[in-house]
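Participant: This is the structure I have questions about; it appears just below.
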Amino acid sequence: LDEPLGQLDSPLAEKLSQDLHLLQRQLALTILHVTHDPNEAMALADRVGLLGGGRVLQTGQPGEVYARPGSRAVGLHFGRPPINLIDGTGDGSTFVSADGWLRVPCPHAGALTLGVRPADVGFAPAAGFALVGSGDAGDPRRVDDRLLVPIRGGGTEVRGFADQPPAAGRLDVWVRMDRLHWFDAAAGDRVGGWVLPQTSSSDGQDDDLIGGWGNDWISGGTGQDGIIGDDGRVFTSRNTAGDIAQFSEPL
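The sequence shown begins at 2 in the working numbering and counts up by one.
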């Protein structure tokens, strides 16, 4: 099927989308569906493939491709509003944006691009989020029932969601650590990410981890404190300034 919904208005496209999905399930058909609309692909497909520059950039289940894009191009294609992409440098423990505004725990070294989706940017402390900087709030715009707020510091802009209009002035920027995406700045390929573990306390309940910068630290229950990276290493210590200082050996 080549762009079957492309020329339809929204109500008719939605109805036909439902009918196609139902028909495919009832008849157990294998359907190759071509579309330029990533939302359409994510809604209809069991597996998606993204073409770019005459080659297949990535294939997989829709949720996998969205949650773990293999390159900057894939990350930009899937998701609306688009992913925030921030260039900078990592030293093996900390990523610093090119303008020095944002400082993010990072296990990778060299020239990097940090990708973080607006849904994973917050403006107040929350479980699993780390404070990475503060900036000036711009004018928000409504996206469905939430407000998309741009925050600028130096030459970088980061967009995140808020339920209420933010107060005037500077806002703290928090990012969800288990949903960060790291890309090689030159090639654009993915180089890793994060998983925030949950640790069980003595009462058997899972304790949420909360990340912070400066005096705050990753903690949770009686288990090992830290953040597990893709390579299995864990942040386990900080220096006297409160900055994350080192990794453990792989688990």
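Using N, Cα and C, we set each Cβ at its ideal position, and we do this for glycine too.
Just so you know, these numbers come straight off a predicted model, no measurement behind them.
Quick check on DSSP: helix, strand or coil for Gln-8?
Facilitator: Coil, per DSSP.
Participant: What is the C-beta distance between Asp-164 and Gly-129, in whole angstroms, given that I count them as a contact (C-beta under 8 Å)?
Facilitator: About 18 Å separates the two Cβ atoms, so there is no contact after all.
Participant: Could you pull the DSSP bridge partners for Val-97 from this structure?
Facilitator: According to DSSP, which records beta bridges pairwise, Val-97 is partnered with Thr-90 and Arg-104.
Participant: Thinking just about the alpha-carbon of each residue, which of Arg-147, Ala-112 and Pro-167 is nearest to the one in Asp-137?
Facilitator: Selected option, being the one with the closest Cα: Pro-167.
Participant: Hey, out of Phe-162, Asp-47 and Arg-56, whose CA is closest to Arg-118's CA?
Facilitator: Checking every option, the nearest Cα to that of Arg-118 belongs to Phe-162.
Participant: Quick check: the region 29 to 38 against the region 2 to 12, are at least 3 beta-carbon pairs closer than 8 Å?
Facilitator: With a cut-off of 8 Å, the region 29 to 38 and the region 2 to 12 count as touching, because enough Cβ pairs lie within range.
Participant: Evaluate Gly-64 with the Cβ neighbour count: other Cβ atoms within 10 Å of its Cβ, from every protein chain shown; 16 or more gives buried, anything less gives exposed.
Facilitator: Looking at its Cβ environment, which holds fewer than 16 other Cβ atoms inside 10 Å, Gly-64 is exposed.
Participant: Using the C-alpha atoms, what's the distance from Asn-40 back to Asp-20?
Facilitator: Those two C-alpha atoms are separated by around 16 Å.
Participant: Counting pairs of beta carbons, one from the region 69 to 77 and one from the region 121 to 135, are three or more of them closer than 8 Å?
Facilitator: No contact exists between the region 69 to 77 and the region 121 to 135.
Participant: Among residues of its own chain, excluding the 5 on either side of Gly-123, which ones have a beta-carbon nearer than 7 Å to its beta-carbon?
Facilitator: If we look at Gly-123 and ignore the five residues flanking it on each side, its Cβ neighbours are Phe-130, Gly-161 and Trp-175.
Participant: So, under 8 Å CB-CB, Ile-84 and Leu-103 are touching, yes? Tell me the CB distance rounded to an integer number of Å.
Facilitator: Not really, about 15 Å apart at Cβ, beyond 8 Å.
Participant: Which same chain residues, not among the five before or five after Ala-68, have their C-beta less than 8 Å away from its C-beta?
Facilitator: Only Arg-180 meet the Cβ criterion.
Participant: CA-CA distance, Val-159 and Ser-94?
Facilitator: About 22 Å.
Participant: Drop a sphere of 10 angstroms on the beta-carbon of Trp-214, count the other beta-carbons inside from all chains shown, and report buried for 16 or more, exposed for fewer.
Facilitator: Unreliable positioning characterises Trp-214 in this predicted model, as indicated by a pLDDT of 30, which lies under 50. The coordinate reading is nonetheless provided below. Result: buried.
Participant: Output the distance between the C-alpha atoms of Asp-173 and Leu-17, rounded to the nearest integer angstrom.
Facilitator: Straight-line Cα distance between these residues: approximately 44 Å.
Participant: Is the separation between the beta-carbon of Gly-116 and that of His-182 shorter than 8 Å?
Facilitator: Cβ atoms of Gly-116 and His-182: closer than 8 Å.
Participant: Please report the distance separating the alpha-carbon of Arg-48 from that of His-109.
Facilitator: Going from the Cα of Arg-48 to the Cα of His-109 covers about 30 Å.
Participant: Please list, in chain order, all residues of the same chain as Pro-151 whose beta carbon is under 7 Å from its beta carbon, the five residues on each side excluded.
Facilitator: Closer than 7 Å at Cβ, skipping near neighbours: Gly-139, Glu-158 and Arg-160.
Participant: Hey, which unbroken runs of the alpha helix (DSSP H) at 4 residues or more fall wholly within the region 30 to 73?
Facilitator: Runs found: 39 to 45 and 63 to 68.
Participant: Suppose the cutoff is 8 Å on Cβ atoms and the five residues either side in sequence are ignored; what does the same chain contact list for Leu-30 look like?
Facilitator: Result list for Leu-30: Leu-24, in chain order.
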